[in-house]
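Trainee: For what it's worth, my numbering labels the leading residue of the sequence shown as 433, then goes sequentially. Beta carbons: idealized from backbone N, C-alpha and C, even for Gly. Keep in mind that this is a model prediction, so the values were computed, not measured.
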Amino acid sequence: MTLGELFEETYIQGEIAIRSYDSTGTTIEHYLGDAEEFYPDEHPQILEREVGYIFPLMEVEPTICIELKNEEDEG
């Protein structure tokens, strides 16, 4: 499922983090904030990315972390 499909098909509430990793393993944070303030049209570069994992992230406050698959893995 792509990130765009996830937001089309699911009503997500609360704090979310959308992350991926570059080829060196460095974390790239695409978005951190309230799910209702995430506007997919403002993030077209990541909407087609496949979702790898969704898990609770408890670093600061309870947050749903949506981890995207590496682009190299999608082929």
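Expressed to the nearest angstrom, what Euclidean distance is found between the alpha-carbon atoms of Leu435 and Gln445?
Mentor: Here the question's residue 435 lines up with position 3 in the sequence shown. Here the question's residue 445 lines up with position 13 in the sequence shown. So the alpha carbons of these two residues sit roughly 15 Å apart.
Trainee: In this structure, does DSSP put Glu491 in helix, strand or coil?
Mentor: Mapped onto the sequence shown, residue 491 falls at position 59. Three-state DSSP puts Glu491 in coil, outside helix and strand.
Trainee: Please report the Cβ distance between Ile486 and Phe470, rounded to the nearest whole angstrom; I am assuming they are in contact, meaning their Cβ atoms lie under 8 Å.
Mentor: The residue given as residue 486 occupies position 54 in the sequence shown. The residue given as residue 470 occupies position 38 in the sequence shown. In fact, because the Cβ distance is near 14 Å, the residues do not count as touching under 8 Å.
Trainee: According to DSSP, is Asp454 helix, strand or coil?
Mentor: Looking up residue 454 in the sequence shown gives position 22. The answer is coil: DSSP assigns Asp454 none of H, G, I, E or B.
Trainee: Helix, strand or coil for Glu510 per DSSP?
Mentor: Missing from the structure shown is residue 510; the chain here goes from 433 to 507 and no further.
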